[in-house]
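Engineer: Please see the structure below; I have some questions.
Numbering (this note's numbering), first residue to last: -12 to 384.
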């Protein structure tokens, strides 16, 4: 099981003291992003920074001879551990090298965003195969170092890949988690068994009342087909942390010792994207609405054979707190695309999409996130309670 150590600030107290002396001598520049104050030395700063996906990132480094969490591990800010290539892809690599005492050790890699983002959609595209390993972890997560954040478990929301957490025969090499992980309802473990082609996308949508996670095969900028979705999971109150001064972190680290002659683990992250939670607009309709823009053609006959796409919009709601359920009519209404995979996620732009089997008619229900979808119905539910809006459409040639 996961041995999760609290992740401390980027530097040790000694390193912070050294940085303070440098700043006093050469002056500093202050920047503010979403209320987070970033102090940056004009020259000769102790920390290395990189630019990736349009954002500035600090590179984590541990003091000589000192280990930091998670792990704990040694951390290096060397360009051999963290670099951005000519395609603007971030490389994180664990390397084995000698420290200043001449002893060979493993050094891990981590970057921390200079910007605090808050509620919204966090997305990473990984361009490396997610191959199960016992002790190597790729972490994509939020973390808050502010003193008041401890009561919210440092606002840590995790996508963690590769590691089987010491379970050598376990196929589960990925997990979603809203800390603390010790509460079983706070984590969802799953397997990534086929990463060919190796590109996978991992995201979470963080709102006030719930966090929705998704991993799927393919590019981050494409809407995934149902068959490309690896795993979905929604975590709802109680336990969703409020936004604060959290930053985004990406790291590649070890849960324990590995062989001295082991291959040096490396991961390529080609994109990080963030879309803020869309604030309520004065022009937005007060009444929740759902529309269907496109349905499969009439040539897709009702029944279990064949699949098509249905697309629509939702408005007048907070998209993070709602979802769309699609039904196709045969001899009765059947939830789509299948009883175990029903939620059409509403994007921050209000657009939703789903796969569906054929039907003589289609229906889209706009419901609250916690609504449990009936597998079949003779009659669609009335508007009220958790059912906010509904619309029906017939296929056309």
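Don't be surprised by glycine CBs; every beta carbon is placed ideally from N, CA and C.
Computed from a prediction, not measured in an experiment: that's the story for all the values here.
Below 8 angstroms on the Cβ atoms is my contact criterion, and I expect residue 340 with residue 349 to pass it. Report the Cβ-Cβ distance as a whole number of Å.
Structural biologist: Translated into positions along the chain shown, residue 340 becomes position 353. Translated into positions along the chain shown, residue 349 becomes position 362. So it is not a contact: roughly 13 angstroms between Cβ atoms.
Engineer: Using 8 angstroms as the threshold, is the C-beta distance between residue 236 and residue 152 below it?
Structural biologist: Position 249 of the chain shown, counted from the start, is the residue given in the question as residue 236. Position 165 of the chain shown, counted from the start, is the residue given in the question as residue 152. It is not a contact, given that the beta carbons lie outside the stated cut-off.
Engineer: Among 145, 73, 108 and 74, which residue has its Cα nearest to the Cα of residue 264?
Structural biologist: Residue numbering aside, residue 264 sits at position 277 when the chain shown is read from its first letter. The shortest Cα separation from residue 264 among 145, 73, 108 and 74 belongs to 108.
Engineer: Could you pull the DSSP bridge partners for residue 145 from this structure?
Structural biologist: Translated into the one-based positions of the chain shown, residue 145 becomes position 158. Answer is 128 and 164.
Engineer: What runs of the beta strand (DSSP E), each 3 residues or longer, lie entirely inside the stretch 269 to 296?
Structural biologist: Here the runs fully enclosed are 276 to 281.
Engineer: Just to confirm before moving on: does the CB-CB distance between residue 55 and residue 62 stay below 8 angstroms?
Structural biologist: Taking the chain shown and counting its residues from 1, the one referred to as residue 55 is at position 68. Taking the chain shown and counting its residues from 1, the one referred to as residue 62 is at position 75. Yes, the pair counts as a contact, with Cβ atoms nearer than the cut-off.
Engineer: In chain order, which beta strand (DSSP E) runs of at least 3 residues are fully inside the stretch 186 to 219?
Structural biologist: The stretch 186 to 219 contains these whole beta strand (DSSP E) runs: 187 to 193 and 197 to 204.
Engineer: With H, G and I counted as helix, E and B as strand and the rest as coil, what does DSSP make of residue 238?
Structural biologist: Here residue 238 refers to the residue found at position 251 of the chain shown. DSSP places residue 238 in strand when its eight states are reduced to three.
Engineer: Give me the DSSP bridge partner(s) of residue 152.
Structural biologist: For this step, residue 152 is matched to residue 165 along the chain shown. Answer by DSSP bridge pairing: none, since residue 152 is not bridged.
Engineer: Taking CB distances under 8 angstroms as the criterion, tell me whether residue 166 reaches chain B.
Structural biologist: The chain inventory of the structure shown lacks chain B, comprising one protein chain alone.
Engineer: Out of 239, 246 and 165, point me to the one whose CA is closest to residue 225's CA.
Structural biologist: Residue numbering aside, residue 225 sits at position 238 when the chain shown is read from its first letter. Cα-wise, what sits closest to residue 225 is 165.
Engineer: Any contact of the stretch 118 to 133 with the stretch 283 to 300, i.e. 3+ C-beta pairs under 8 angstroms?
Structural biologist: Contact between the stretch 118 to 133 and the stretch 283 to 300 is absent, because fewer than three Cβ pairs lie under 8 angstroms.
Engineer: Could you tell me the alpha carbon to alpha carbon distance between residue 125 and residue 306, rounded to whole angstroms?
Structural biologist: Translated into the one-based positions of the chain shown, residue 125 becomes position 138. Translated into the one-based positions of the chain shown, residue 306 becomes position 319. Cα to Cα, residue 125 sits roughly 29 angstroms from residue 306.
Engineer: What separation, rounded to the nearest whole angstrom, lies between the Cα atoms of residue 333 and residue 351?
Structural biologist: Indexing the chain shown from 1 puts residue 333 at position 346. Indexing the chain shown from 1 puts residue 351 at position 364. Near 12 angstroms, if we compare the C-alpha coordinates of residue 351 and residue 333.
Engineer: Among 161, 319 and 138, which residue has its Cα nearest to the Cα of residue 231?
Structural biologist: Position 244 of the chain shown, counting from 1, holds the residue named residue 231. Of 161, 319 and 138, the residue nearest in Cα terms is 138.
Engineer: For residue 139, name the three-state secondary structure that DSSP assigns.
Structural biologist: Residue mapping note: residue 139 aligns to position 152 of the chain shown, counting from 1. The answer is helix: DSSP assigns residue 139 an H, G or I state.
Engineer: Are residue 276 and residue 302 close, meaning C-beta to C-beta below 8 angstroms?
Structural biologist: Within the chain shown, the letter at position 289 stands for residue 276. Within the chain shown, the letter at position 315 stands for residue 302. In this structure, residue 302 lies closer than 8 angstroms to residue 276 by Cβ.
Engineer: Can you tell me whether residue 330 is helix, strand or coil according to DSSP?
Structural biologist: One-based indexing of the chain shown puts residue 330 at position 343. Note: residue 330 maps to strand in three-state DSSP.
Engineer: Closest by CA to residue 366, which one among 372, 379, 357 and 358?
Structural biologist: Here the question's residue 366 lines up with position 379 in the chain shown. Measuring from the Cα of residue 366, the nearest candidate turns out to be 379.
Engineer: Who are the Cβ neighbours of residue 3 in its own chain at under 7 angstroms, not counting the five residues just before and after it?
Structural biologist: Within the chain shown, residue 3 is the residue found at index 16, counting from 1. Legend: pLDDT at residue 3 = 42, less than 50; position of this residue unreliable, no value from coordinates given.
Engineer: Does DSSP put residue 33 in a helix, in a strand, or in coil?
Structural biologist: Here residue 33 is taken as the residue at index 46 of the chain shown, counted from 1. Reliability fails at residue 33, whose pLDDT of 41 lies under 50, so the model's placement of it is uncertain and no value is given.
Engineer: Buried or exposed for residue 91, going by 16 or more other Cβ atoms inside 10 Å?
Structural biologist: Numbered from its first residue, the chain shown carries residue 91 at position 104. It counts as exposed.
Engineer: Given a cut-off of 8 angstroms, decide if residue 274 and residue 299 are closer than it, judged by their beta-carbon atoms.
Structural biologist: Walking along the chain shown from the start, residue 299 turns up at place 312. Walking along the chain shown from the start, residue 274 turns up at place 287. No. Outside cutoff.
Engineer: Within the same chain, show all residues whose beta-carbon is closer than 7 angstroms to that of residue 223, passing over the 5 residues directly before and after it, in chain order.
Structural biologist: In the chain shown, counting from the first residue as 1, residue 223 sits at position 236. The answer, listed in chain order, is 196, 197, 356 and 357.
Engineer: What are the uninterrupted segments assigned as beta strand (DSSP E) that are 3 or more residues long and contained completely in the stretch 308 to 369, given in chain order?
Structural biologist: Complete beta strand (DSSP E) runs here, min 3: 309 to 316, 320 to 323, 338 to 345 and 349 to 355.
Engineer: Tell me which residues share the same chain as residue 191 and place their Cβ nearer than 8 angstroms to its Cβ, disregarding the 5 neighbours each side in the sequence.
Structural biologist: For the purposes of this step, residue 191 is taken as residue 204 along the chain shown, with counting starting at 1. Excluding residues within five positions, the ones whose Cβ falls inside 8 angstroms are 108, 109, 144, 146, 163, 198, 199, 200 and 201.
Engineer: Please state the DSSP three-state secondary structure of residue 373.
Structural biologist: What you label residue 373 is simply residue 386 of the chain shown in a count that begins at 1. Reduced to three states, the DSSP call for residue 373 is coil.
Engineer: So residue 245 and residue 93 are supposed to be a Cβ contact under 8 angstroms. How far apart are they, rounded?
Structural biologist: Residue 245 sits at position 258 when you count from the first residue of the chain shown. Residue 93 sits at position 106 when you count from the first residue of the chain shown. With 8 angstroms as the limit, residue 245 and residue 93 qualify as a contact, their Cβ atoms being about 7 angstroms apart.
Engineer: Going by DSSP, which residues form a beta bridge with residue 92?
Structural biologist: On the chain shown, position 105 is the one that residue 92 refers to. Answer is 84, bridged to residue 92.
Engineer: Going straight from the alpha carbon of residue 40 to that of residue 346, what length do you get?
Structural biologist: On the chain shown, residue 40 is found 53 positions in, with the first residue counted as 1. On the chain shown, residue 346 is found 359 positions in, with the first residue counted as 1. Distance between the alpha carbons of residue 40 and residue 346 is about 42 angstroms.
Engineer: Mind reading off the beta-carbon distance from residue 69 to residue 37? Whole number of angstroms is fine, and I expect it under 8 angstroms.
Structural biologist: Here the question's residue 69 lines up with position 82 in the chain shown. Here the question's residue 37 lines up with position 50 in the chain shown. That pair is a contact at about 7 angstroms.
Engineer: Please state whether the Cβ-Cβ distance between residue 160 and residue 119 is less than 8 angstroms.
Structural biologist: Position 173 of the chain shown, counting from 1, holds the residue named residue 160. Position 132 of the chain shown, counting from 1, holds the residue named residue 119. For residue 160 and residue 119, yes; Cβs fall inside 8 angstroms.
Engineer: Please report the residue range of the beta strand (DSSP E) in which residue 118 lies.
Structural biologist: For this step, residue 118 is matched to residue 131 along the chain shown. Counting along the chain, residue 118 falls outside any beta strand (DSSP E), and DSSP gives it neither H nor E.
Engineer: Straight-line CA distance for residue 377 to residue 304?
Structural biologist: By 1-based counting over the chain shown, the position of residue 377 is 390. By 1-based counting over the chain shown, the position of residue 304 is 317. Each residue's Cα considered, the two are about 14 angstroms apart.
Engineer: With DSSP run on the structure shown, which of helix, strand or coil describes residue 302?
Structural biologist: Here the question's residue 302 lines up with position 315 in the chain shown. In the structure shown, residue 302 sits in a strand (DSSP, three-state: E or B).
Engineer: Taking the CB atoms as reference points, tell me whether residue 52 and residue 242 lie closer together than 8 angstroms.
Structural biologist: Mapped onto the chain shown, residue 52 falls at position 65. Mapped onto the chain shown, residue 242 falls at position 255. No, they are not a contact pair.
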